[in-house]
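Visitor: So the sequences go chain by chain: A and B.
Start counting the first sequence at 306; every next residue gets the next number (the numbering used here).
Start counting the second sequence at 66; every next residue gets the next number (the numbering used here).
In this text, a Cβ means the ideal position worked out from N, Cα and C, and glycines have one as well.
Note that this is a predicted model, so its numbers are computed, not measured.
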Amino acid sequence: MSEYNAPLKDMNFLLEHVIGLDEIARLPGCEEVTPDLVSAIFEEAGKFSKEVLAPLNRSGDMEGATITDTVVTTPKGFKDAYQQYIDGGWSLIAGPAEYGGQGLPHLVSTPVSEMLGSANMAFKLCPLLTGGAVEALKSHGSKALQDIFLPKMVAGEWTGTMNLTEPQAGSDLALVRSKAIPQADGTYKISGQKIFITYGEHDFTKNIVHLVLARIEGAPDGVKGISLFIVPKFMVNADGSLGERNDVKCVSIEHKMGIHGSPTCVMAYGDAGGATGYVVGEPNRGIEYMFVMMNAARLGVGLEGVSISERAYQHALVWARERVQGRPVTPVPASFGASPKSVPIIYHPDVKRMLLTMRAYAEATRALTYYTSSCLDIAERSTDEKQRRMSQSLVELLIPIVKGWSTEAGIEVTSLGIQVHGGMGFIEETGAAQYYRDSRISAIYEGTTGIQANDLVGRKVGREGGQTALAWIAEMEKIPPLLLATNDGNLKFVAAQLTASINSARRATEWIVTMWPNNPAAVFAGAVHYLKLMGTVGGGWMMARAALAAATQIKAGEGDGDYLKAKIMTTRFYADHILTMAPSFADALIQGADSVLQMEEALF
Amino acid sequence: MKILVPVKRVVDYNVKVRVKADQSGVELTNIKMSMNPFDEISIEEAIKLREAGVATEIIAVSIGVTQCQETLRTALAMGADRAILVETVADVQPLAVAKLLKAICEKESPQLVILGKQAIDDDSNQTGQMLAALLDWPQATFASKVTVTSGMAEVMREIDGGMETIEIKLPAIITTDLRLNTPRYATLPNIMKAKKKPLDVMTPETLGVDVTPRLKTLKVVEPPKRKGGVIVTDVAALIDKLKNEAKVI
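1) When the Cα of I895/A is compared with those of G845/A, A519/A, A827/A, which residue comes out closest?
2) Compare the C-beta of Y250/B against all C-beta atoms of chain C and say whether one is closer than 8 Å.
3) Who does I124/B pair with in a DSSP beta bridge?
4) With C-beta atoms as the reference, is V707/A less than 8 Å away from T753/A?
5) Cβ of I185/B less than 8 Å from any chain A Cβ?
6) Could I get the ranges of all uninterrupted alpha helix (DSSP H) runs contained in the segment 525–575 of chain A, with 4 residues as the minimum, in chain order?
7) With 8 Å as the C-beta to C-beta threshold (strictly closer), list the residues of the segment 234–263 of chain B near chain A in chain order.
8) For G794/A, which residues of its own chain have a beta-carbon under 8 Å away from its beta-carbon, when the five flanking residues on both sides are left out?
9) Let me know the alpha helix (DSSP H) ranges lying completely inside the segment 815–855 of chain A, each 4 residues or longer, listed in chain order.
10) Give the secondary structure of Q903/A by DSSP, where H, G and I count as helix, E and B as strand, and everything else as coil.
11) Just the C-alpha distance for E135/B and K262/B, rounded to the nearest angstrom, thanks.
12) Let me see if you follow: with CB-CB separation under 8 Å, is A142/B close to chain A or not?
13) L199/B by DSSP, collapsed to three states: which one?
14) Cβ of Q407/A less than 8 Å from any chain B Cβ?
15) At a CB-CB cut-off below 9 Å, which residues of chain B make contact with I910/A?
16) I want to know whether the segment 164–183 of chain B touches the segment 76–96 of chain B - three or more CB-CB distances under 8 Å.
17) Does any residue of chain B have a CB that is nearer than 8 Å to the CB of D392/A?
18) Strictly below 8 Å CB to CB, what residues from chain A border R138/B?
19) In chain A, which residues lie with their C-beta within 8 Å of the C-beta of N190/B?
20) Between the segment 77–109 of chain B and chain A, which residues of the former have a C-beta closer than 7 Å to a C-beta of the latter?
21) L253/B and I346/A - do their beta-carbons sit closer together than 8 Å?
22) Should E135/B be flagged as near chain A, meaning a C-beta pair shorter than 8 Å?
23) Identify whether E232/B lies in helix, strand or coil by the three-state DSSP scheme.
24) Check whether the segment 809–823 of chain A and the segment 767–780 of chain A are in contact - that is, three or more C-beta pairs closer than 8 Å.
25) Could you tell me whether the Cβ of F798/A comes closer than 8 Å to any Cβ of chain B?
26) Do the CB positions of V220/B and K234/B come within less than 8 Å of each other?
27) Going residue by residue through the segment 389–438 of chain A, where are the continuous alpha helix (DSSP H) segments of at least 4 residues, counting only ones entirely within it?
28) If we require 3 or more residues per run, which beta strand (DSSP E) segments fall completely within the segment 450–525 of chain A?
29) Report yes or no: do the segment 572–581 of chain A and the segment 412–421 of chain A share at least 3 C-beta pairs separated by less than 8 Å?
30) Can you list the residues of chain B that E349/A reaches, using a CB-CB cut of under 9 Å?
31) Which same chain residues end up closer than 7 Å to V376/A when comparing Cβ atoms and leaving out the 5 residues on each side of it in sequence?
32) Using a Cβ-Cβ distance under 8 Å, would G866/A count as near chain B?
33) Give every residue of the same chain whose Cβ lies closer than 6 Å to the Cβ of L661/A, excluding the five residues on either side of it in the sequence, and list them in chain order.
34) Report, in whole angstroms, the separation of the C-beta atoms of V833/A and A810/A, which I expect to be a contact under 8 Å.
35) Just tell me which of A474/A, K384/A, I784/A, G437/A has its CA closest to the CA of K511/A.
36) Could you tell me the distance, in whole angstroms, from the CA atom of P401/A to the CA atom of V213/B?
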């Protein structure tokens, strides 16, 4: 069975020496966040993930969630693990303090969430969606609704869901048809069908709180006529106890490629006359509110790319050290004998290349995701209005990049994980295939990579004349001179590639700014290339910052020598093997529009 | 009543230890350190006794370098009420540990001291027994079940070939074995609270204990590498090898 060991060294190092936990600790409400507390939290979360969640990953995949007549049963062990998760207080981590949460910053809750996802992605989806629902309710719900639902949801005693998709309304939510009919008492009767509802029904908790998009009778067409509702599975009495079953049920669950442990539900609202719902905030502003939830959820899904990459890397590494095959072409330890006929495959250069690619992506996506989390903390908590605004713009720029790039990287890394195993990787029993199957959805739900890329080039770059993107690029340009100043041979190579790739990012951004007003179609044609470019360069920038911090520690004779050396080598690898792709992404964006736009539909 | 639980900071059980190049000991630089697993069992047992209303306060004690505070914070996060660190950079051997614990027992007057039967680094299995002798208290070692009732403890012990149940009078020493319980995970709220629980730091000098080592380590070496096995052709060849090569029959 595959083990999972949380990469605590990398997590602690990033927080303490690269991103700046001390800066986050100066924000209001974060005073308690000291390195010793954070490492104690990570230590215990790592233990919980390894010992409770990871052992259920493969069994959950094989067994899958099941449904019998609207009752959904999660795989064996999941319910008990969820109870342990609640008993351990882990659901409280980022929850608002006024509703019983610990109110810890995103920079601390994100690594914990990464661990849960590495250990068991299908399991972690339930807390992820509850967190998103809490966020939406906290931002836009009335005090009365917050008081009823938030304490239970923050504690994880009730879970939350996100009901957007309908059969005819996928990426295009303007097509939502679910109906809401106002009642005399101020509530609404909701009816309609929702699909792809993650943990829409399950056996973890006594109640489930659905956030549902629907149209109030007579509302305008399109996105401006959609409202957001709370529809609990069980009605809640005035004293907080559970009342009648609401008119909402799960009618089937999907048969999926991966995340089998997570029930993906088809939800039927109003089959018996209408489910009682409460409008969140003002009518007709549902899409706007849902975006709040989606931002947090998109960051959370981007993090899934990190989680799954780390897990697949650890799995492949164990295999590469055990599997003995082939004569070595490079020097190997004397313990293998004078001229060994075969050695563990980790000694073969191409296998090392694959492992390094996996490791480099895991570390780079992790660093960029954590950085984004820290920006989100500043945007939410800083006392300096200007700093808050700038961080918010940066977060909005970074979220589609983190979501799109990390999850696409996750697919590549998990695919390489299979490749390292050779034929055995194609056999399910090895376990490598599950990560590949699980990872595939991350680049689809919460907005496909294409949707993220369109958001990036349009709303985040084109519309504001590239202001935030160019400011970020200018920030990145500060790093190469620092790398050169270390006089470290490896870091000089990193500086060269980083400079070239930042130049590509600048070239591509300026092209978008020029093209956007008159030819947005040309920009959309290469939007995914731009997203990958920005992810690749941003990840390289964070790797370079980590390598710089590592070099500083080595010079000062501090820290864990092997870890620091590996960080510098992995960064060098990233520069030579991954950053070198940056110019080609820019070329594909800039030169590639014509072939896409000129190909007529009939010619396909 | 008070329960005292000594906890030791040791190389994490997942770490593959390496002998130092100069054979003076094992490599500890940048190695992950954790609480001795038997001590986790001791803490868990103490918490259970408190939950059952038998104990009122749990004091975790550690002896060693400043970083032992992390181990104590883990004990506090699991549920200990307060902690004491006897800080020293000296190599503290079981007898010195027992003497320090005796001094703390005299200050704190616990009714029970629950120790791990041994620490996974040096596997001495001596401290509990020495402490009992120094205090002249009864001891119940290798406990796999503990029941405390009015001034007495009934302890089921793991012994060669089975189980033995004994009754001892409090105050007493109990050392824990693997099957006694399964230690709980620290909860997030308790990790946060642990930071605010009292942790007193003292030194061997203030306790009036001389910790000078009595034992000298001459050399630490790796166990010999296991030689590859051979497949014997038949039973006769096996008997022959057992008789003449291994000389065991």
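Guide: Quick answer:
1) I895/A has its Cα closest to that of A827/A, out of G845/A, A519/A, A827/A.
2) No chain C appears in this structure, whose protein chains are A and B.
3) As a beta-bridge residue in DSSP terms, I124/B pairs with L69/B, R147/B.
4) Judged by beta-carbon spacing, T753/A lies beyond the 8 Å limit of V707/A, meaning their Cβ atoms are not closer than that value.
5) False, the Cβ-Cβ gap to chain A never drops below 8 Å.
6) Within the segment 525–575 of chain A, no complete alpha helix (DSSP H) run reaches 4 residues.
7) Legend: CB atoms of the segment 234–263 of chain B lying less than 8 Å from CB atoms of chain A belong to residues Y250, A251, T252, L253, P254, N255, I256, M257, A259, K260.
8) Excluding residues up to 5 positions away in sequence, nothing lies with its Cβ nearer than 8 Å to the Cβ of G794/A in the same chain.
9) Fully enclosed alpha helix (DSSP H) runs of no fewer than 4 residues occupy 825–830 of the segment 815–855 of chain A, in order along the chain.
10) Three-state DSSP puts Q903/A in a helix.
11) E135/B and K262/B: Cα-Cα distance of roughly 13 Å.
12) Interface residue, yes.
13) Assigned with DSSP and collapsed to three states, L199/B falls in helix.
14) Answer yes: the Cβ-Cβ gap between Q407/A and chain B drops below 8 Å somewhere.
15) Outside the displayed range of chain A (306 to 909) lies residue 910/A, so it cannot be described from this structure.
16) The answer is no - the segment 76–96 of chain B does not touch the segment 164–183 of chain B, with fewer than three Cβ pairs under 8 Å.
17) Cβ-Cβ to chain B under 8 Å: yes for D392/A.
18) Within chain A, the residues near R138/B are D341, A345.
19) Residues of chain A whose Cβ lies closer than 8 Å to the Cβ of N190/B do not exist, since the nearest Cβ in that chain is about 26 Å away.
20) Here the close residues are N95.
21) It is a contact, given that the beta carbons lie within the stated cut-off.
22) With 8 Å as the cut-off, E135/B counts as an interface residue toward chain A.
23) Here E232/B sits in strand by DSSP.
24) Judged by Cβ distances under 8 Å, the segment 809–823 of chain A makes contact with the segment 767–780 of chain A, as three or more pairs qualify.
25) Chain B contact via Cβ: absent.
26) At the C-beta level, V220/B and K234/B stay beyond 8 Å of one another.
27) Listed in chain order, they are 411–424.
28) Complete beta strand (DSSP E) runs here, min 3: 463–468, 484–487, 493–503, 512–521.
29) Segments in contact, no.
30) Within chain B, the residues near E349/A are T139, A142, Y250, A251, T252, L253, I256.
31) Excluding sequence neighbours, V376/A sits near nothing in its chain.
32) Any Cβ of chain B closer than 8 Å to the Cβ of G866/A would place that residue at the interface, and such an atom is present.
33) Closer than 6 Å at the Cβ level, and outside the excluded window around L661/A, lie F878.
34) Rounded, the Cβ-Cβ distance is 15 Å, inconsistent with contact.
35) When only C-alpha atoms are compared, the closest one is K384/A.
36) Spanning the two alpha carbons is a distance of roughly 42 Å.
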